Every structure is written in C-alpha cells, then in structure tokens.
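Peer 1: Using the UniProt record's numbering, you'd call the opening residue of the sequence shown number 1 and step up by one each time.
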Amino acid sequence: MASKYKDKDGGIVLSFNAQWVSWAHTIIAYTAFLSALVVGISLHYHKIVQNEFYGYPQEWFPSVSATIGDRFPERSFFMIFIAITSGPRFALVGLWYVLTRKPGQKLPGFVASMGILRTLTCGGWTYITSTDNHDWHDILMISYIVATLPWTLGCIALSPPNPQAIKYRKLLAGLFFGTLVPLIYFFIQHKVHRVAGAYTTYAFFEWALILFDVGFDAVTTFDFDTFEVMVKDVKGTSKGANWSSTPSAVLEKEKRKATGGVASLRFTWSEALDTAADVYQGFVFWSMLTSLGLVVWYFPLWFMGISGFEAFIMCTVTPFLLGIGPLRSLVVNHLRVVHLLSLVGVASYQLTSMVPRLCAVGFGLGMACLGWAATLSASRSQDVRFESKVLGLMLGLILSSTAKFAWKTNNPIWPIMHAENGGWNGTGLIIGVLAALRFTRLAPLTGGSLSTEKQSGSAALAACGLGGLFFGLHSLLSDSSTMILWVWEGYPIRGPYSSTHGWMTIAAMTAGVFVGLWRPNLAGSWPLFVMGSVGAMVVTFFSHWFGYYGALAIAFYLCAASTPLLANATKKSPAVTFGLGFLVYNLMVLFHVWVVAYAFVPGGPLVREHTDWVMITMLLLLGAGVFDLNASKPRREAPRRQSNSQHRKYFAVSALVINVLFLCSAFMRFPTNDYQPYHPEDRVLTAGIWTIHFSLDNDMWSSEYRMRDLIKEMELDVVGLLESDQQRIIMGNRDSTQLLAEELGMYVDYGPGPNKHTWGAALLSKFPILNSTHHLLPSPVGELAPAIHATLDVYGQLVDVFVFHSGQEEDPEDRRLQSLYLSELMGSTDRPAFLLSYLVTKPLQGNYNTYVSAKSGMHDVDPTDWDRWCEYILFKNIKRVGYARVSRSTITDTELQVAKFVIPKTPAEVQQMEAISDDDRYRRVEESAVPEGWRFPAMFRGEGVRGHRYHVFDEPRYFN
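1. Based on the DSSP secondary-structure assignment, which residues constitute the bridge partners of VAL229?
2. For GLU871, name the three-state secondary structure that DSSP assigns.
3. Can you list, in chain order, the stretches of the alpha helix (DSSP H) that have 4 or more residues and sit fully within the stretch 808–894?
4. Tell me the DSSP secondary structure of ALA929 in three-state form.
5. By DSSP, does TYR795 sit in helix, in strand, or in coil?
6. Considering only the alpha carbon of each residue, which of ASP749, ALA599 and TYR821 lies closest to SER853?
7. Using the Cα positions of MET618 and PHE529, report the straight-line distance between them to the nearest angstrom.
8. Under the three-state reduction of DSSP, which class applies to TRP690: helix, strand or coil?
9. On the CB-based measure, 16 or more other CB atoms within 10 Å of its CB, does TRP759 come out buried or exposed?
10. So does the stretch 485–505 actually touch the stretch 414–431, counting three or more Cβ pairs closer than 8 Å?
11. List the whole-angstrom C-beta distance separating GLY154 from LEU95, where the pair is believed to meet the contact cut-off of C-beta under 8 Å.
12. Contact check, SER887 vs LEU839 under 8 Å by CB: the rounded distance?
13. Under the three-state reduction of DSSP, which class applies to THR85: helix, strand or coil?
14. Looking at the unbroken beta strand (DSSP E) that takes in SER654, where does it start and where does it end?
15. What are the boundary residues of the beta strand (DSSP E) that VAL596 is part of?
16. State the Cα-Cα distance for the pair LEU556 and TYR851, rounded to the nearest angstrom.
17. Count Cβ pairs between the stretch 529–548 and the stretch 356–369 that sit closer than 8 Å; are there 3 or more?
18. Of all the options TRP594, ASP612, TRP613 and ARG706, which has the alpha carbon lying nearest to the alpha carbon of VAL604?
19. I need the DSSP call for THR505, collapsed to helix, strand or coil.
20. Can you tell which of ASP920, GLU824, THR179 and LYS232 has the C-alpha that lies nearest to the C-alpha of GLU14?
21. Please list the segments of the alpha helix (DSSP H) lying wholly inside the UniProt domain "PGAP2IP first transmembrane" (283–437), counting only runs of 4 or more residues, in order along the chain.
22. Please report the straight-line C-alpha distance between ASP217 and SER22, rounded to a whole angstrom.
23. DSSP three-state label for PRO786, please.
24. Less than 8 Å between the CB atoms is what I'm expecting for THR611 and HIS757, so what's the real figure, rounded?
25. I need the DSSP call for ASN568, collapsed to helix, strand or coil.
26. Within the same chain, show all residues whose beta-carbon is closer than 6 Å to that of PRO693, passing over the 5 residues directly before and after it, in chain order.
27. Roughly how many angstroms lie between the CA atoms of LYS47 and THR737, to the nearest whole one?
28. Could you give the residue range of the alpha helix (DSSP H) that holds THR773?
29. Among GLY308, THR152, LEU776 and ALA196, which residue has its Cα nearest to the Cα of PHE176?
30. Mark GLU943 as exposed unless 16 or more other C-beta atoms lie within 10 angstroms of its C-beta, in which case mark it buried.
31. DSSP state of VAL781, grouped into three classes?
32. Look at the alpha carbon of LEU485 and the alpha carbon of VAL601, and state the distance between them as a whole number of angstroms.
33. Using the Cα positions of ALA195 and GLY55, report the straight-line distance between them to the nearest angstrom.
34. By alpha-carbon positions, which one of ARG438, SER287 and MET288 ends up nearest to VAL337?
35. If we count the other Cβ atoms within 10 Å of its Cβ and call it buried at 16 or more, is ASN521 buried or exposed?
36. Could you please give the first and the last residue of the uninterrupted beta strand (DSSP E) stretch that includes GLY720?
Quick look at the structure:
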C-alpha cells in the first residue's frame, strides 16, 4: 500500500494502514474458533456434545472447551490459528498504547499491561485444555476473565473522541459481562442439578462470550484508521547499500555458507515439478521393489513350502536386456513408455485374484528396474541430470520409509492395500502417471558439463557393489523401525522406540545422501567403509542404544555410498552392472530368507540362524564395489563449486520437507500411555491368542484393519499374536503391532527381534507392561520357538503372562524339549499367570501333560475342549470365568481363542484360587448366572458379523 506521505529519505520499504492489524486479529481469531466448530461438528458431533451426564439428543450443541480441546483435528485447527492470532494481538495492544499514551498518565501503560496479560493467559487456557490439566485450565481462564475487566473499562476510558467506536465498545462490553450471569446459572443447572439440556444452553452463552470478546477488540479498526505503519530502511540495505565495512560479496558468501545456499534459491515451478517428479518416481520404484517379496511370500506361506512362484523374484534382472544393442536403443529412446509400463505394478491392486496380481507386480517391477538402469546410464554424461536422478532415487527411498511410518508400516500404494484397509492406490497411480511423464521429458533438467569418458575397472566388481547396496538399502532402511526392532529387548525400555525415535534413522539416511553428493570421494573411501562395517557389526551383535548407534552408522554409510557406487556402475556396461547387480541382490534376498526359513527350503540348515553371515556377505559385496571404485581412478575435472547448484537446493528442500512430514507423523503417533481396560469395575481381564499369518489374509490383502476391529469388538485387554515378525524383505519390512497397538490403545512388546530368526511372538496389553524378557526355546533341529514372559500391572496386582509359539509338527524332539523349558519357566512364578500359546499337541496327550502339570502349576482353560491342536490358553492362581472360540473369517488360517479372568485383590485371594478343586474350577454355569461384565459380546452369536462367530461350542462357555 502506498504511503500518503512523501518519503523524503527514500528509505520506506513497506507501509500499510494500521486498520489491517485490527482486521487481521479479528478474522484470524474468529477463524480459530469457527474452524474448530465446523470440523468438530463434521467429524465428532456426537462425541463433542457428550458430557459426563448426557449426550445426544438431550445435548445437541458443543461447548467451546469440548470443541477446541478434546479431539483431533479440530483441536489442531484451533491451536494453529490461535497461535497466528498472537502476532496481530500483541501488535494491537502496542498500537493501542501508542494511540492513547499521554505525558504524565499511568493509565495507558496499565491498560496495555492488562492487554499483554490477557494475551498470555489466553495462550494458557487455549493450549492447556481442561482435558490436559483441569486446574490450570481453570486458573488461566479465570485470570483471563479477571484481566478482561480492567482492559475493557480502560479501553472505554481511553477511547479517542469517536462516538461510533465508543458506542460499540459500551454495547459489546455490556453484552460480554451481561452474558456471564446466564452462563454461570446454566452451568450450575448442569453441574449441580444435572438438568438435561442445560449444558447446551450454557454452550450458546459460552460461544457468545467469544464473539463479544473478539468483537470488542475489533472496534479498534475505527481508531486505527489515523495510523500508518511503516518499515523504513535507515541504512539502505534493501537497496543494496553497504551497511558495514565488510564487502557485500563477502557477506553474501557467508550467508550462502550459513544457509547451505538455500537462501539464494531461485524458485521456478518448472524445476520444482522436475524435483517432485524425480522423488516420486524413486518412491514408486522402492514401493514396487518392497512389495514384490510380500506378494511372492503369500504363495509359499499357503503352500507351506516351495510353490514355484518364487521365480518371480528374478523379474529384477531385466537390465540384462540392455546388453542387446537394438533392444538397448529401443529402451533408451522410449524411456517414457518403459516408466509408464512400470506403473502396472501400482495398478495391480485392481486385480483381486492373487496370481494375476503377482504377475502384474512382477511385470511392473521388471519394467522399473529396466527403466531406472537405462535412465541412469543415459544420464551418466550429464552431471546435473545424473545427480538429479540419483537424488530422486534415494529421496524416494526416504519418502517410502516416511509413508510407511505415517501409515504405521504399510506403504499406501502396495498391491496388498486398497481403500478398505487404508490404501491410497488410485491416488498414487494418478500421481505416478503425471510424475512419469515429467520424469521422462527429453530436455535436461539444467545445463551441466559433459563427460563421455568411460572408467576402467571391473564391471563384475561394480555389480557386486550395486547388489550389496540395494540389498542393504532394502533389508535395513526400507522401514524406519526395522533396525530399532533389531535392538529391542522388551520392558523396561532401554533403547529406541519405533514411534518416537524412528526419525533418527531418517535423519541419518538424509545426511548420508547429501554427504555422498557433496563429498563423493569421502563417501567412496575405505575409512567410511570401515565405519559402516563397524556399525553393521554393532547392530548385529548388540542391543539397546549401543546397538542402535551402529544402526545409525550403517544407515548413514549405505546412503552416502549410493552416489559414488551408482556413478561408478553407470560408467560401465549397464547390462552387466545393473543386470548382474540385481542378480546378486536376488541371491542376497534368498540368503536373507533362508536363515529363518531353513526348515522349508533345500539347503536351509546350512545357513540356519546366520544373520551375521548375511551381514558379512553384504559388507564384502560393498567392499568389492568400493575396491573397484578406487581402483578405477577416473580422471576427474577440476572440482566444480556445485554444492550450491540450483538443482541440489531443490532436492535439499525436498529432503527437509520429507523430514518435516516424518516429524509431524511422529508427533501424531506419540504414545499417550493412558490406556484403559474394558471392564475395570468387575476387575475382569479378557485375554486372547491369535496366529495372524503375517497379516496377509486369504485374498492377499493386508489384514491389520480387520484384526483391529475383531480385537476391539471382542473387548480384549491382552492379546498374544503369533507369526507376527514381518521385518524381513519377504514380509515387506513392516510391523503390524504398531497399528494395532496405537489404534486399540495398548502397550506392545514385539518379542524376539528379526535378527533372532523366529516367526515372531508379540504381546499387546491394555495394562502397563512392567517387565518382559524374551526367550528362544531349545530347537536343535527345527524352527526356533520364541516366547515372551511379561509382568503386567493389572488393577494394582502383578500378573504374569506368557506368549509362546512351539516348534512344528515334524520335529517331535524339539517340541518335547520346548515343553520342558516352558514348564519350568511358568513354574518359576507364584503370581497369578496365564499362557497364550501355540503348542502343537492334542488335549490330555503327550507334551500337553508337561505344560499342564504340577511343575508348571498351570491349568487348562477348558480340558473338555477336544478340538484343539495348536492354540491353548492355560492359567494359574487366577479365576477363569469364561472361554470362547471365534472363527477367523478370511483373515488368517487360525481362529481367535479368548478367555476371561477375574483378578484377585489380595495375596489371600491368590492362595484361594490355587486351593480350588478341579470340580469347582471347571464347574460350568449358564450365561445368566454370571455378571454382565463377565460376558462375551453378543454380536458374535449365531451367524455373527463379517464372518466372525462363536463356533465349536456355538456359544461361549462360562465357569463359576
């Protein structure tokens, strides 16, 4: 806005009428409250009109506090806008003081101090809600109202001689304080007399207070029209004049150094879209690469052995086709077609049949590997273009890991996802098409130096380095929680936690990417290789924080080495380096699977439980690549000052945005630890055991949402999950327990980590887990048997829970030794305890009598249930009151078994539980004979819901 006055000094760079301060304050403040109201009514209407006595329809309009303080996202809307309001608010108070101050008068200063106090206390009661801390919320709210009185009266007293402004101030002040009377009256009617509907009337007066309060301050717009706010450059800096003796060129250099050159970024939409397309294309590649193992794994999982579909892992070796001259020319000249065809993998979610979906994923990934190999090879002579593609590939990996974190370790465009389980496949496909079109446009991104020289050296060694690199990136870094679970050892927590510390992995990856870009000689050097190797060994052999420091080191190294190793590979035959590289990668994937799947594959026992061998082999492969990189000794041009090149700044900003998105997701996922059991009034604990088959349902869809719904509807307070370790390439490097725990409000112990070579055992609990230890039971021949022994704080009583997965049927000696170990482990505690297990035995026969024995002290939840082989629930020193079996629908291959226990209050009651005879312990009663809180949900009777129903007995069993 132009100034009305002449700028004699020529130094005014900005001026505007002070009315805009008043308008900004009014509009933003109203937006804060009204946006929260609209969002709250739209998303949580019934919840925000509910109070401690009544809900809808008795109460049908929400109070201010319920709207702005209780729910996401309305609370966030309010807090964001109210924070923005603070700027205009302080400016308004300051301008009012400038307008009204007079020599010798103290009142303007006092009124201004009250205005500042009101602003601060407003921030207090809006950011500390009644849900957070009721006392402090009330103290700050009352302080705000108290400070409002002198502010209001002072403003009226100090008003300039403007009749219209004075009239509005008196009117709004009268309405504000007059509203307090009915406000208090209806609050008493609600709180003391519990009158239905009184709180809704109270809410209308509460909202009126907000309107009158903000409106009172809006009247300043009539007074501020005489003010003009100006920003004046008194030293001419805005016009390029030197303001110090230091030359401006030197200052600019220092500024670029301090900001990494981002401050000098010249924004253009064209380059921004190019950067976004590169990163998204990298995201699509990693999404498809990480999904292949999942869809391949489905088939041996259901065949319980080699299915033949495992051959699809070889679809990544399509870069070998670049060794055929005419075909290479065809691919390089039609990269747009190749990259568009690769999106068939993203579109595969449209195929409901499993085999066609696998074929589509394999075809799409084959095209993606071919397209990326050709793209990088074709860009090798253009430094800027090549750097942009490598940065897109690596930031695409970080974006993929970030998306998995935001979706609680499921990638939203995987072929196992669709709309029903949280997938964004359609959106991802549309963006993918647009990104592929932009990614493959013919013009180079920016100008760059040309270098047609080819390196000497060994293409085979370079391929080994590439294979080790892709394997390391995929197996360790495609999910931010993978290596955190490598070092996880249970409660109390002594190391990183997935939802709160995952960003540290992302930060290490980001730093590595740009070190590899800015200092490729360092990234490709032997000292950094040694650092990465030490980190790999530390994370392999150590736990807790020390082990995680090793994880950060290998994460940093793998991302740093990516640029020099990829650059070295593209300077040789792409058919060899990428074709052979992906073949080496595939062999490493098989090696990585064989160490845990040894019981189902030929030659498996030779590499049984040797993750250390896998890690060492990966490092040897990387070492081969580093050796070739250094032995090639390419002649390089004189170092160019490209650290501040325009394209690098765009990618730096992109990396920053991705990291911020991760941190925002981490904030939203921060554990609340305020979990409540379903029936505390009856001291009931409902426990369940479920073999979840790695969270892939019968139709190859991710099953976490369906599991969540059944666990919630069955009101499980504690649940043991088996076949739950998915932190491997063939299972997508994911962790279903994160989604289940966070959405159900439960503590979680993942159990023995992915480097412990088990199929997994996990524990989720509404009750705090005070301590947990992980056990690997004797398994001389067959698969390792994992177990968790945890102690819970259940209604003030210490209760032990065991989660256990026995060895397979083909290894009877393993199962016998495991039964002896677990029996002794269960017998080591005299506390109330229960076992949630997969035993592989017939009731009342064989090893059953070792688990249920005087040594273990355990009793069967229902010895008359003859139709069991795998899942069992045992208990001791605790009152068992109910037992049910719930059909799985198509979620998995195993039912959900559930038991209800009543927790004893005193040690004497614990002893009474143990002294009960079997006749009394197993006395069955009708449902009507037990309290309401002991009963199982009625919704699963008869045909049940969504394919879940009580079966075997056709109804739950109750005991008393």
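The beta-carbon is built from N, C-alpha and C at its ideal position, and this holds for glycine as well.
No experiment lies behind these values; they were computed from the predicted model shown.
Peer 2: The structure says:
1. DSSP output for VAL229 lists PHE16 as bridge partner(s).
2. Looking at GLU871 - three-state DSSP - the assignment turns out to be strand.
3. Counting whole runs of 4 or more residues, the stretch 808–894 contains the alpha helix (DSSP H) stretches 812–827 and 848–851.
4. If DSSP states are grouped into helix, strand and coil, ALA929 belongs with the helices.
5. The DSSP-derived three-state label of TYR795 is coil.
6. The shortest C-alpha separation from SER853 is found at TYR821.
7. CA-CA distance, MET618 to PHE529, rounds to 12 Å.
8. Three-state result, TRP690: strand.
9. With at least 16 other beta carbons inside 10 angstroms of its own, TRP759 counts as buried.
10. Counting Cβ pairs under 8 Å, fewer than three are found: no touch.
11. In this structure, GLY154 and LEU95 do not form a Cβ contact; the two beta carbons are roughly 15 Å apart against a cut-off of 8 Å.
12. The C-beta separation of SER887 from LEU839 comes to about 20 Å, leaving the pair out of contact by the 8 Å criterion.
13. Three-state DSSP puts THR85 in a helix.
14. Membership of SER654 in any beta strand (DSSP E) is not indicated; the residue belongs instead to the alpha helix (DSSP H) covering 646–668.
15. Looking at the DSSP string, VAL596 is not in any beta strand (DSSP E), and its letter there is neither H nor E.
16. The displayed chain sequence assigns Phe, not Leu, to residue 556. About 47 Å.
17. No contact exists between the stretch 529–548 and the stretch 356–369.
18. For the record, residue 604 in the displayed sequence is Gly; it is not Val. By alpha-carbon distance to GLY604, the top candidate from TRP594, ASP612, TRP613 and ARG706 is TRP594.
19. Three-state DSSP puts THR505 in a helix.
20. The sequence shown places Leu at residue 14, rather than the Glu named in the question. It is LYS232 whose Cα lies nearest to the Cα of LEU14.
21. Counting only runs of 4 or more, we get 325–333, 335–342, 344–347, 354–378 and 383–406.
22. Rounded to whole angstroms, the separation of the alpha carbons of SER22 and ASP217 is 8 Å.
23. In the structure shown, PRO786 sits in a strand (DSSP, three-state: E or B).
24. The C-beta distance from THR611 to HIS757 rounds to 7 Å, short enough to meet the 8 Å contact threshold.
25. Residue state, collapsed to three classes: helix.
26. This sequence places His at residue 693; Pro is not what is there. Cβ within range, chain order: GLU723, THR892 and ASP893.
27. Taking the CA atoms as reference points, LYS47 sits about 27 Å from THR737.
28. Going by DSSP, THR773 is part of no alpha helix (DSSP H) but of the beta strand (DSSP E) stretching over 769–777.
29. Nearest option by C-alpha distance: THR152.
30. Answer is exposed; the Cβ neighbour count stays below 16.
31. Of the three classes helix, strand and coil, the one that applies to VAL781 here is coil, per DSSP.
32. In this model, LEU485 and VAL601 are separated by some 26 Å (Cα to Cα).
33. Note on identity: in this sequence residue 195 is Val, with Ala being the wrong assignment. Whole-angstrom Cα-Cα distance: 12 Å.
34. Per the C-alpha coordinates, the member of ARG438, SER287 and MET288 positioned closest to VAL337 is ARG438.
35. Looking at its Cβ environment, which holds fewer than 16 other Cβ atoms inside 10 Å, ASN521 is exposed.
36. From DSSP, the beta strand (DSSP E) with GLY720 extends over 718–722.
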